[in-house]
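Chains as they are written, first to last, in our numbering: chain A, 106 to 223; chain B, 306 to 1185. Note that the Cβ used here is the ideal one computed from N, Cα and C, for glycine as well. From a predicted model like this one, the values you see are computed outputs, not experimental measurements. Each remark here refers to the structure printed beneath this line.
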């Protein structure tokens, strides 16, 4: 059995992982509204802005994302955006999460799947 | 996107929430994002949906991570240092500057806290009775009423002995029952001998086998099963220690009276202090059966305390009504033979202590009214102290208005002001709270020696309940006061606050005035109440009883003394300083026999109280005779069916004294007849709680007591002589006596204690109110010192200035009187109703109280204002 060591504090919750992935996927354009919409189109899951911001703040505290200020547009009533990008440790956290998944996937014997035809 | 001036805006409520509630460092971005969502939604789904979505999103923003931390961020301007430290400093500074006011403020609060906590302990203790007994909520005491055919009803705390067995068999709702008999119902004191040492117990309990398990007695040691019978005794731990010290009491023998030997077979833990029965020693019911015999089947003797446990869904009231069936079956002929029928009721076990006041109660309970009275007074005291606190705090805040104004100008929001008051007040209240509990712990032993309740009893459950209650009370006080002060200061414009004369803008506000009126009213109420109660007790103690209660010694007689009664009497009367000696079945304040008698020819029997006395009873108590003669040895017929009656009895019989009246009464052998030889003036045999009832004396040797009237001059010598006589005739007995007047005074112990407590509280409440008033006047005068200076310069006299200051208080005082007097009259008349002989609350007394309070309050204010009025106005105006 392969053990993947996770550093303390790098553990990602389900929603955290989803949002961190979305931040990475949106690359330069990740901010509150775009994240909400991206997740909605991809997963049909309606998140509230409050939920997204709570997670983003937590990810920022953990050092997985960086925030910078973006441009202000008219549709935003002249208010600036807060744009998020993935950091190196964010990338590492995502990779570890994926590795854990992969190692579990690999550990599943074929017979365990009900769809497997013997 | 179109840009019109009328382009819709997100709801204002949402924007307000974003500004005030969301953490400022993310508010801007969130606002932007939300607005973006709003406009997109507006374009796709229309305005209404956009607005709803917007508000919905805002609601979902209310998460701990996103909302502003109260008072932590952003408020450094108002609190340059640690806010707690800042507040502490300001409290200390103020205390230093105004030690008197600060001291009064806190001291008053502390006194009232201490009183409230102590009273709370006492009240909670009395409400916690019997709850620790197993199945307490399903356990009831059965009690019976004797309903006399003539209309009178006597309520007993007891039942006939066979009732328990009968109802247990008849009703399935009765799960089990147990009975107790107490020796005090037939004998004042029981003598017993342990290791050749005589002891006297007030009460010996004869109980059924299952009684220990019924009441959940915990055995420390025993050599029986759960039941016990035969000639067996069980001792409580404290009794075992009293009789046997450290020895193992099991198997030891105790001699009851002279002849009955019982063996100790168990020791149980003492009943807790909050149980309505205290059982020093339990004897098996078999012992009683052996002595008296017929108890278990004889219905005519209702002397058993009967407890039953009901099944869970039983209806006690319906059940008690069905008991009539049993009485119909067993006591059907009682209406005719004895003139009464029985009816029963069930008392919840936990109600006995507070709500039951029947004849032959096992132990005296507590008067519920007195507990309410005490609680009420403590609430009043708290109110007075609170009023002081609020008024003085308000006055002080106005002294600090400049600081508050400065804070407001520097941008302190309302919350930060509220927070400032909250911390300040919490600090003071917490300090007072801690000090009060410290004092309470020190005072509980004193309270316990006053109320005769052990400290342990107070330190148990009551302590816990009151502790919790006092914390709640503290929190409520803190919140109430700080919110009140906050609303008082908030609307004031900072420019006004910063004005040079800001401090002198302080006047008594309407609310402060209301508070003052309440305070005065309470003080007046307490004074009137205490005076009335004090007078009532004086009346009870000084009311002419109709006989001479002074210098009479009372001895309780046992069998050995009874055998020698003639020798004793004879020997005692040898000395001139012993005026009279009389043996009797009961003495004033005690319990008499109940009988039914009627005048010959009259159809109806009337209930009377009967005393068995010797020839000298009337002479010894110096009861005046108004008709006929005293018992005399010259008439040999006196020893047989001759009676002395009081006026009330004569009236009840419907007789005239001058017609040589004869009376008759039913006995087991038919009607007996007797002659009334004399009529006594009415005297108070029972306590003054009751009216004078018909009383009949007859000569019989069933004595229980010896009354000895001695000369008031040679008390010591007389007592020494009486002791000598007793020792020489019955050497083996202990010499023990009490004074008749003291024993009579003990009837009013409860009233006296309540009165003492109330006097104490009233005194304290008054002091708090007066001293608070002094402090308040000081503030008011300080604020108006310049005004006074100017008035003096312009020619006002000292008197005019005094009137000026006093005027506003006089209106308040008069208002308080108008409120307080009717309320107190209503309340006190209600309280007095429990007495047959009561004082009237007269106009002179009310006027006196008004005058006293008026003078006291005006004197207080004048004392303070006089100093200001006399001062040289130059001094007051100089620092301008």
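Quick one: list the residues of chain B neighbouring residue 184 (chain A), beta-carbon separation under 8 Å, in chain order. If you number the first chain from 1, residue 184 (chain A) lands on position 79. Chain order gives the chain B residues near residue 184 (chain A) as 333, 334, 336, 337 and 340, where near means a beta carbon separation below 8 Å.
On the DSSP letters alone, give me the boundaries of the alpha helix (DSSP H) that residue 440 (chain B) sits inside. Here the question's residue 440 (chain B) lines up with position 135 in the second chain. Per DSSP, residue 440 (chain B) belongs to no alpha helix (DSSP H) and is neither H nor E.
According to DSSP, is residue 404 (chain B) helix, strand or coil? For the purposes of this step, residue 404 (chain B) is taken as the residue at position 99 of the second chain. DSSP, read as helix, strand or coil, puts residue 404 (chain B) in helix.
Kindly say whether residue 371 (chain B), judged by its beta-carbon, lies nearer than 8 Å to any beta-carbon of chain A. For the purposes of this step, residue 371 (chain B) is taken as residue 66 along the second chain, with counting starting at 1. For residue 371 (chain B), a Cβ of chain A is located within less than 8 Å of the residue's own Cβ.
Note down the Cα distance separating residue 439 (chain B) from residue 631 (chain B), rounded to an integer number of angstroms. As a working mapping, residue 439 (chain B) is identified with position 134 in the second chain. As a working mapping, residue 631 (chain B) is identified with position 326 in the second chain. Each residue's alpha carbon lies about 28 Å from the other.
Rounded to the nearest angstrom, what separates residue 740 (chain B) and residue 417 (chain B) at their Cα positions? As a working mapping, residue 740 (chain B) is identified with position 435 in the second chain. As a working mapping, residue 417 (chain B) is identified with position 112 in the second chain. Taking the straight line joining both Cα atoms gives about 12 Å.
Would you grab the beta carbon distance between residue 859 (chain B) and residue 1167 (chain B) for me? Rounded to a whole angstrom, and I think it's under 8 Å. Against the second chain, residue 859 (chain B) aligns to sequence position 554. Against the second chain, residue 1167 (chain B) aligns to sequence position 862. Rounded, the Cβ-Cβ distance is 56 Å, inconsistent with contact.
Whether or not the stretch 507-523 of chain B and the stretch 572-589 of chain B are in contact is what I'm after, with contact meaning three or more pairs of Cβ atoms, one per stretch, closer than 8 Å; do they touch? Remark: three or more beta-carbon pairs, one from each stretch, lie closer than 8 Å, so the stretch 572-589 of chain B and the stretch 507-523 of chain B are flagged as touching.
Count the other C-beta atoms from every protein chain shown that fall within 10 angstroms of the C-beta of residue 269 (chain B), then say buried if there are 16 or more, exposed otherwise. Nothing about residue 269 (chain B) can be read from this structure; chain B reaches only from 306 to 1185.
I'd like to know whether the C-beta atoms of residue 949 (chain B) and residue 983 (chain B) end up nearer to each other than 8 Å. The count along the second chain starts at 1 and reaches residue 949 (chain B) at position 644. The count along the second chain starts at 1 and reaches residue 983 (chain B) at position 678. In this structure, residue 949 (chain B) sits near residue 983 (chain B), with a CB-CB distance shorter than 8 Å.
For residue 985 (chain B), the residue or residues it bridges with in DSSP: Translated into positions along the second chain, residue 985 (chain B) becomes position 680. In the DSSP output, where bridge partners are listed per residue, residue 985 (chain B) has B:930 and B:951.
Inter-residue spacing [alpha-carbon to alpha-carbon] between residue 1183 (chain B) and residue 1122 (chain B): Translated into the one-based positions of the second chain, residue 1183 (chain B) becomes position 878. Translated into the one-based positions of the second chain, residue 1122 (chain B) becomes position 817. Between residue 1183 (chain B) and residue 1122 (chain B), the alpha-carbon positions lie close to 41 Å from each other.
Compute the distance between the beta-carbons of residue 619 (chain B) and residue 478 (chain B), then report whether it is under 8 Å. Stepping through the second chain from its first residue, residue 619 (chain B) is reached at position 314. Stepping through the second chain from its first residue, residue 478 (chain B) is reached at position 173. Taking 8 Å as the cut-off, the beta carbon of residue 619 (chain B) is found closer than this to the beta carbon of residue 478 (chain B).
In this structure, does DSSP put residue 467 (chain B) in helix, strand or coil? For the purposes of this step, residue 467 (chain B) is identified with residue 162 of the second chain, where counting begins at 1. Three-state result, residue 467 (chain B): coil.
Listed from N- to C-terminal order along the chain, which residues in the stretch 1077-1091 of chain B have their beta-carbon within a distance smaller than 7 Å of any beta-carbon of chain A? Contact annotation: in the stretch 1077-1091 of chain B, no residue has its CB less than 7 Å from a CB in chain A.
Name the DSSP bridge partner or partners of residue 917 (chain B)? For this step, residue 917 (chain B) is matched to residue 612 along the second chain. Paired residues: B:1003.
Residues of its chain near residue 326 (chain B), where Cβ-Cβ distance is below 7 Å and the 5 sequence neighbours each way are ignored: Here residue 326 (chain B) is taken as the residue at index 21 of the second chain, counted from 1. Once the five neighbours on either side are set aside, the close Cβ partners of residue 326 (chain B) are 372 and 373.
Using a beta-carbon distance cut-off of less than 9 Å, what residues from the stretch 606-636 of chain B approach chain A? Along the stretch 606-636 of chain B, there is no position whose C-beta sits under 9 Å from a C-beta of chain A.
From which residue to which residue does the alpha helix (DSSP H) around residue 748 (chain B) run? On the second chain, position 443 is the one that residue 748 (chain B) refers to. In the DSSP assignment, residue 748 (chain B) falls within the alpha helix (DSSP H) that extends over 719-756.
Could you tell me the distance, in whole angstroms, from the CA atom of residue 501 (chain B) to the CA atom of residue 927 (chain B)? The residue given as residue 501 (chain B) occupies position 196 in the second chain. The residue given as residue 927 (chain B) occupies position 622 in the second chain. Residue 927 (chain B) has its alpha-carbon roughly 41 Å from the corresponding atom of residue 501 (chain B).
Does residue 385 (chain B) come out as helix, strand or coil in the three-state DSSP assignment? Looking up residue 385 (chain B) in the second chain gives position 80. Residue placement at residue 385 (chain B) is flagged as unreliable, the pLDDT there being 46, under the threshold of 50; a coordinate-derived value is accordingly withheld.
Below 9 Å on C-beta distance, what does residue 156 (chain A) contact in chain B? Here residue 156 (chain A) corresponds to residue number 51 of the first chain, with the count starting at 1. Within 9 Å Cβ-Cβ: 365 and 368.
Taking residue 344 (chain B) as the query, report the chain A residues whose CB atoms sit under 8 Å from its CB, ordered along the chain. As a position in the second chain, residue 344 (chain B) is number 39, starting the count at 1. Per Cβ cutoff of 8 Å: 180.
Could you check what DSSP says for residue 1052 (chain B) in three-state terms: helix, strand or coil? For the purposes of this step, residue 1052 (chain B) is taken as residue 747 along the second chain, with counting starting at 1. Helix, per DSSP.
Beta-carbon contacts of residue 943 (chain B) that lie in its chain and below 8 Å, excluding the five residues immediately before and after: Here residue 943 (chain B) corresponds to residue number 638 of the second chain, with the count starting at 1. Closer than 8 Å at Cβ, skipping near neighbours: 920, 936, 937, 982 and 1004.
Note down, in chain order, each residue of its chain lying with its Cβ closer than 8 Å to the Cβ of residue 542 (chain B), except the 5 sequence neighbours on either side. Walking along the second chain from the start, residue 542 (chain B) turns up at place 237. Taking residue 542 (chain B) as the centre and dropping the five residues before and after it, the same chain places the C-beta of 525, 572, 573, 574 and 575 closer than 8 Å to its C-beta, in chain order.
Inter-residue spacing [alpha-carbon to alpha-carbon] between residue 711 (chain B) and residue 399 (chain B): Locating residue 711 (chain B) in the second chain gives position 406, counting from the first residue. Locating residue 399 (chain B) in the second chain gives position 94, counting from the first residue. Roughly 18 Å between the two C-alpha positions.
Going along chain A, which residues have a C-beta under 8 Å from residue 523 (chain B)? Within the second chain, numbered from 1, the residue matching residue 523 (chain B) stands at position 218. Ordered by position in chain A, no residue passes the 8 Å Cβ test against residue 523 (chain B), which lies about 54 Å from the chain.
Considering residue 815 (chain B), what are the terminal residues of the alpha helix (DSSP H) in which it resides? For the purposes of this step, residue 815 (chain B) is identified with residue 510 of the second chain, where counting begins at 1. Where residue 815 (chain B) is concerned, the enclosing alpha helix (DSSP H) stretches over 815-847.
Between residue 137 (chain A) and chain B, is any beta-carbon pair separated by less than 8 Å? As a position in the first chain, residue 137 (chain A) is number 32, starting the count at 1. Residue contact with chain B for residue 137 (chain A): present (Cβ-Cβ distance below 8 Å to some residue of chain B).
Taking 8 Å as the cut-off, does the stretch 410-425 of chain B touch the stretch 1063-1073 of chain B (at least 3 CB pairs, one atom from each stretch)? Counting C-beta pairs with one atom in each stretch, the stretch 1063-1073 of chain B and the stretch 410-425 of chain B have three or more that are closer than 8 Å, which means they touch.
Can you tell me where the beta strand (DSSP E) holding residue 1030 (chain B) begins and where it ends? Residue 1030 (chain B) sits at position 725 when you count from the first residue of the second chain. Segment 1020-1034 is the alpha helix (DSSP H) holding residue 1030 (chain B); no beta strand (DSSP E) there.
Name the DSSP bridge partner or partners of residue 450 (chain B)? For this step, residue 450 (chain B) is matched to residue 145 along the second chain. For residue 450 (chain B), the beta-bridge partners assigned by DSSP are B:460 and B:648.
Just confirm the distance between the C-beta atoms of residue 126 (chain A) and residue 139 (chain A), as a whole number of angstroms; I'd bet it's less than 8 Å. Position 21 of the first chain, counting from 1, holds the residue named residue 126 (chain A). Position 34 of the first chain, counting from 1, holds the residue named residue 139 (chain A). With a Cβ gap of about 14 Å, residue 126 (chain A) and residue 139 (chain A) do not count as contacting.
Chain-ordered neighbours of residue 134 (chain A) on chain B, where CB pairs are closer than 8 Å: As a working mapping, residue 134 (chain A) is identified with position 29 in the first chain. The contacting residues do not exist; residue 134 (chain A) stays about 13 Å from chain B at best.
I believe residue 1110 (chain B) touches residue 1086 (chain B) by the beta-carbon criterion, under 8 Å. Please report the beta-carbon distance rounded to the nearest angstrom. Stepping through the second chain from its first residue, residue 1110 (chain B) is reached at position 805. Stepping through the second chain from its first residue, residue 1086 (chain B) is reached at position 781. Sure, about 7 Å apart at Cβ, within 8 Å.
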